[in-house]
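Residue numbers (our numbering), protein chains in the order written: chain A, 1 to 347; chain B, 1 to 347. Glycine included, every Cβ here is placed at the ideal spot set by N, Cα and C.
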């Protein structure tokens, strides 16, 4: 059973995968976040190999095709080597001065397309919108069924980003605690709401960004893609819904279409302008409403869900890891100017 | 002039190197943290090439040898491509909703030995103790002379750790703000002191760790090397002074010798047991006493300086970056058992 452990001083929680690495010599082998490569040529995510993953928990598939058989367009399966074991939220336990929990949660893989060779940026807007609707559905399902505090949707693309399989896929990890980074955003936004702006800090920031447009990369009716003012990484992007909302799960089908278009524009720009780098894509949303309503009453008025898109072009070094203080060699204004160029992106 | 920029919601500061990357196509070139490679064979840190670095600000050298000439054992020079421009702490400025500052600070390189082919773990304890004394001296000098809020001592070893030159060296970056990670430790330790332990949380934790010894790797009269309970990375280590102290700058010469021995033991274990991986080494100390005394009165009673040592054996992926939630495939107890084996380490 994996363990969740808390650093007593910083309050940072860590997943310790006690089951998956028996011997120190083994530690390179288990790539926690993905289904293990079974061979260099064999792909467990390709149609026909459905039996090589745990049984699907959801799929978008052709009428009359059976579960765990070909005919799917999008397929959701439990991770074969999950970072957290499936189950309901575990209680906090004590071990001397330390707090820990059993490593229980949810870890799912969303196989984005049957086509091994397509990348997320190659998918049609229509297909991307369907993937986003699957993210919404799984979020609601996990929150209501399993009551975990936080549902993390993310995608690692490319080896440098931590992906061990190249077949296009995203992941969901639901955790029994709210991750530190999300808590920081909630507390920061709450403080700004209360003491300064009397409105959502993200909304205020968006107003300024759309007004000046020097860091704006793409915009449609419902979403904007920006280079954040304090970008940590070269060509970092953020995607914000223009209409205020704390909960990703509340997006409408029309929102999904516009988000798909914004996401495609962002990804295509990375691919075409920056020679297809590895990247990490991370959703930041309010915690499970069952939790948020108690822990952060009013969160819906001051938190604003969004997506962070981090291309991997430089190394994160000791200074960053040790201090949380990032050094970015590309000003976001320069990045935005470079990325906002009109591109021949097909929907 | 580089800029320091604050993310309004999380309060995270970032260094934007506006000067060093004019064109997006350039962004891979400037390795911010190090003196640029001038060629594959030429090393600006080797004896005889002293004119290829900015003039030294300090050195340990043979009697009668002149500054910026061979004859040195340890040499401190300003970074030729500094992440922050040299100067006194700049004022905070506003740009719409955003806070920023001119990117002013200190960025120095400590060349640890004239011998290009020695690694830090190969140096004698005596020489390592001298390097630690240089760290102490530079810390005091920078704090008293330039009044920056925080002095960050760190070392990136190996390309994967962000180092661009292989000649053994450490770095110091002094910043006009206290880094987020350090602030988190200070606030966390203060809260634990006040609400729970009525003593330093690090001291309490050390008592437990030395008592059970399942995560203890090495110990001498004044220092302990541990695998932290909530380690983020496989084989992560932390070095703590056994005697409580918030300020690294207060270590005695005897402390330096024992710290050198602990550091050598930790580094030799990495090298011999784990095939010499790249690593990041980061000092965490209380901010400049001039600042600490005002901002955190009593910090000397609840904060405890220490060193984090992070071997680079796995990739940090999107889940970690987006959530601050690390997944570690090697339990620290397993790592400690593996690392604590008796080794033929020469002083």
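For the set B:55, B:73 and B:57, the Cα lying nearest the Cα of residue 63 of chain B is the one of B:73.
Per DSSP, reduced to three states, the secondary structure at residue 126 of chain A is helical.
With contacts defined by Cβ atoms closer than 8 Å, residue 177 of chain A and residue 4 of chain A form a contacting pair. At a cut-off of 8 Å, the C-beta of residue 181 of chain B has a neighbouring C-beta in chain A. Put simply, the CB of residue 223 of chain B is far from chain A, with every gap to its CB atoms at 8 Å or more. Counting of Cβ neighbours within 10 angstroms places residue 297 of chain A among the exposed residues, the total staying below 16.
A residue is called buried once 16 or more other Cβ atoms fall within 10 Å of its Cβ, and residue 135 of chain A is buried on that count.
Taken through DSSP and simplified to helix, strand or coil, residue 323 of chain B comes out as helix. By the neighbour-count criterion, in which a residue is buried when 16 or more other Cβ atoms sit within 10 angstroms of its Cβ, residue 322 of chain B is buried.
Chain A places no beta carbon closer than 8 Å to that of residue 151 of chain B, leaving this residue out of the contacts. Rounded to whole angstroms, the separation of the alpha carbons of residue 149 of chain B and residue 106 of chain B is 11 Å. According to the DSSP secondary-structure assignment, residue 247 of chain B is paired through a beta bridge with no residue. Contact annotation: the region 240-259 of chain A touches the region 298-312 of chain A, with at least three C-beta pairs closer than 8 Å. In this structure, DSSP gives residue 9 of chain A a state outside helix and strand, which the three-state scheme calls coil. Looking at the DSSP output, residue 238 of chain A sits in a beta bridge with A:226 and A:308. In this structure, DSSP gives residue 97 of chain A a state outside helix and strand, which the three-state scheme calls coil. Shown here, residue 231 of chain B sits in coil according to DSSP, grouped into three states, outside any helix or strand. A Cβ-Cβ distance of about 5 Å is found for the pair residue 227 of chain B and residue 335 of chain B, placing them in contact under the 8 Å criterion. In this chain, the beta strand (DSSP E) harbouring residue 155 of chain B covers 150-157. Under a 10 Å Cβ-count criterion, residue 162 of chain B is classified as buried, with 16 or more other Cβ atoms of the shown protein chains found around its own Cβ. For residue 185 of chain B, the nearest beta carbon of chain A is closer than 8 Å to its own beta carbon. In the structure shown, residue 257 of chain A falls within a helical segment according to DSSP collapsed to helix, strand and coil.
The beta carbon of residue 203 of chain A is closer than 6 Å to those of 244 in its chain, skipping five residues each way along the sequence. Note on residue 66 of chain A: under 16 other CB atoms within 10 angstroms of its CB, so exposed under the neighbour-count rule. The contact set of residue 231 of chain A on chain B, defined by CB atoms closer than 8 Å, consists of 14 and 16 in chain order.
If you draw a straight line from the Cα of residue 140 of chain B to the Cα of residue 175 of chain B, it comes to about 14 Å. For residue 175 of chain B, the C-beta contacts it makes with chain A under 9 Å involve 323 and 325, in order along the chain. The alpha carbon of residue 309 of chain A has as its nearest neighbour, out of A:271, A:294 and A:186, the alpha carbon of A:271. When Cβ pairs closer than 8 Å are counted between the two stretches, the region 338-347 of chain A is seen not to touch the region 89-101 of chain B, the count staying below three. Around the beta carbon of residue 112 of chain B, 16 or more other beta carbons sit within 10 angstroms, so the residue counts as buried.
For residue 218 of chain B, the enclosing beta strand (DSSP E) starts and ends at 216-219. With a threshold of 8 Å between beta carbons, residue 204 of chain A makes contact with chain B. Going by beta carbons, residue 57 of chain A and residue 77 of chain A fall inside the 8 Å limit. Residue contact with chain A for residue 123 of chain B: absent (no Cβ-Cβ distance below 8 Å to any residue of chain A).
In this structure, the alpha-carbon of residue 12 of chain B lies about 21 Å from that of residue 303 of chain B. Between residue 201 of chain B and chain A, the shortest Cβ-Cβ separation is below 8 Å.
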